[in-house]
Amino acid sequence: MLPLSTEQVRRVRAHCQCLLPAARLPSSTAVVRQLCALQAQEWASAQLAIHARSNGITQAELQHAREVDRSIVLSWSLRGTLHLVAADDLRWLLALCGEGAIRSTRRRYQQLGLTEAIRAEALEAIIAILGREGALNRAELAVALGEYGIPVAGQAIHHLVRFAALRGVVCLGPECAGKLTFVLLEEWLPEIAPAPADPLAELARRYLIACAPATLQDFAQWSGLRAAQARAAWAAVKADSRPVTTADGEALMRADQETISAAEASLRLLPRYDNYLLAHKDRRFIIAPDHARQVYPGGGLIRACVLINGEAKASWKLEKRRKGLRIVVAPYETLSAAELALLEVEAGSLGRFLMANIEVQIVNG
């Protein structure tokens with residue numbers, strides 16, 4: 001069994017996540033396919049996560065891939081959370097995780113008064129409304145559903161459209177006037193790709209491609225599958241995997257994956273809720289314990305960080321300025337001159353992605 005140091009684990013995982021220079025990809029679609037499902041509960045953060053894994057693309061390329069080519073699609077999927085996934089993958093992913101996410105939300109449905117009958121009525125109304133009106137944002141859809149007598153106050157409208165998405169009825173469509181809209185899935189993605197012969201095994205295989213080395217516990221948490229499903233999926237990929245030992249115990253890598261030796265230095269600006277920050281149950285490989293609360297303060301929050309060679313070294317935020325944007329960086333420890341130079345290069349890359357002038361400001365952590 002191959003032993004891996006924490007540094008080796010960090011580099012392999014950063015490489016799998018396209019966060020090292022040699023692993024970055026040329027398009028938004030390629031990034032999403034590599035990750036299988038890119039966390040997207042914050043649309044602005046999802047776009048920054050695409051940038052962190054790509055070379056030379058812009059927000060316009062991402063918009064074209066999602067809205068014109070429709071090679072990637074934004075919808076609720078794994079764990080009942082918004083993700084960007086490849087268009088060919090959405091339906092089989094929903095078949096695996098949709099009903100489980102709905103079951104886990106039943107208590108919230110009860111609290112909001114969204115009975116099974118009301119949800120069924122809302123589903124039919126959403127099909128009729130979007131079939132007639134086309135793309136609508138959440139507020140517009142809420143008004144239309146209210147005319148059917150369906151409760152939409154507070155969080156009710158969110159859970160109704162999420163329910164419809166998890167049932168494979170709607171997905172997120174074009175962005176209009178700065179707001180995401182909802183569309184009927186069968187109209188947005190009319191071509192139905194064949195599902196994998198063994199979807200459980202395929203999901204575990206894709207997870208290892210994106211997140212190895214990893215454990216069954218990592219996969220179960222990331223996928224949100226029931227324990228029995230997760231175990232079955234993990235067993236199905238063991239034959240094509242190799243065991244390794246890490247500080248966290250035994251883990252698996254794909255048989256065709258290699259360990260990554262120290263190579264070209266890398267700095268990436270990771271957004272809130274980035275895949276790299278949440279794909280594993282034990283996250284000590286990402287950040288030193290003394291600074292862990294800077295990224296993981298509790299309450300389900302995961303903050304943006306500056307990643308250097310796969311390790312979180314600073315916090316950062318993006319501020320609007322009169323003539324552009326400013327990246328404000330708060331290092332956990334003093335950054336070297338070489339690291340500061342990499343930060344300037346990364347700021348320039350982000351500026352090209354956002355098509356904006358960006359300056360960098362270093363502040364005390």
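Everything in the sequence shown is counted per our numbering, starting at 1 for the first residue and increasing by one. For every residue, glycine included, the Cβ atom is placed at its ideal position computed from N, Cα and C.
Check	Outcome
Since I believe ALA236 is in contact with ALA201 (beta carbons under 8 Å), could you give me their beta-carbon distance rounded to a whole number of angstroms?	4 Å
Between the alpha carbons of GLU147 and ILE118, how many angstroms are there, rounded?	14 Å
Who pairs with GLY249 in a beta bridge, going by DSSP?	THR246
If you run the structure through DSSP and keep just helix, strand and coil, what is LEU2?	strand
Using CA atoms only, rank isn't needed, just tell me which of CYS16, ALA52, GLN39, LEU19 is closest to ARG352.	ALA52
Could you check whether ALA204 and TRP234 sit closer than 7 Å to each other, using their CB atoms as the reference points?	yes
Ignoring anything shorter than 4 residues or poking outside the region 108-167, list the alpha helix (DSSP H) runs there in chain order.	116-133, 138-146, 156-166
Distance, Cα to Cα, ALA314 vs ALA210?	24 Å
In angstroms with no decimal places, state the Cα-to-Cα distance between TRP350 and ILE50.	Trp is not the amino acid found at residue 350; the sequence shown has Leu there. Answer to the nearest angstrom: the Cα atoms are 11 Å apart.
On a CA-only basis, which of ALA288, ALA44, HIS158, ASN55 is nearest VAL31? Give me that one, please.	ASN55
If you draw a straight line from the C-alpha of GLN111 to the C-alpha of ILE102, how long is it?	14 Å
In angstroms, rounded to a whole number, what distance separates the CA positions of LEU136 and CYS171?	11 Å
To which residues of the same chain is ALA338 closer than 8 Å at the C-beta, ignoring the five residues directly before and after it?	ALA265
For ALA65 versus THR115, is the C-beta spacing smaller than 7 Å?	no
Does the region 77-94 come into contact with the region 139-158, if we say contact requires no fewer than three beta-carbon pairs (one atom in each stretch) closer than 8 Å?	no
Is the distance from the Cβ of LEU342 to the Cβ of LEU267 below 7 Å?	yes
Return the CA-CA distance between GLY134 and GLU140, expressed in angstroms with no decimal places.	11 Å
Mind the definition here: the region 167-184 touches the region 124-131 only if three or more C-beta pairs lie below 8 Å; say whether that holds.	yes
Who are the Cβ neighbours of ALA44 in its own chain at under 8 Å, not counting the five residues just before and after it?	PRO271
For GLY300, does the count of other Cβ atoms within 10 angstroms reach 16, so buried, or fall short, so exposed?	exposed
Exposed or buried, GLU333, counting other C-beta atoms within 10 Å across all chains shown (16 or more means buried)?	exposed
In chain order, which continuous runs of the alpha helix (DSSP H) of length 4 or greater are located wholly inside the region 274-300?	275-278, 292-295
Can you look up ALA312 in the DSSP assignment and give me helix, strand or coil?	strand
In the DSSP assignment, find the alpha helix (DSSP H) that holds GLN217 and state where it starts and stops.	216-223
Just to confirm the assignment, what range does the alpha helix (DSSP H) spanning ALA405 have?	There is simply no residue 405 to check, as the chain begins at 1 and stops at 365 in what is shown.
Restricting to Cα atoms, I'd like to know which of ASP69, PRO174, LEU208 is closest to ALA239.	LEU208
On a Cα-Cα basis, can you pick out the residue from LEU74, VAL360, LYS320 that is closest to GLY173?	LEU74
So the alpha helix (DSSP H) GLU99 belongs to, where does it begin and stop?	90-104
Which of helix, strand or coil does DSSP assign to GLN63?	helix
State the DSSP-derived secondary structure class of LEU78, mapped to helix, strand or coil.	helix
Pull up the distance between the alpha-carbon of ALA247 and that of SER5, whole angstroms please.	7 Å
Please state whether DSSP places GLN8 in a helix, a strand or coil.	helix
Return the bridge partner residues of PHE353 from the DSSP annotation.	PHE353 pairs with nothing; no bridge assigned.
Answer yes or no: do THR259 and GLN8 have a C-beta to C-beta separation smaller than 7 Å?	yes
Hey, is the region 276-293 in contact with the region 316-327, meaning 3+ C-beta pairs nearer than 8 Å?	no
If you drop the 5 nearest sequence neighbours on each side, which residues of the same chain put their C-beta closer than 6 Å to that of VAL152?	ALA142, LEU145, GLY146
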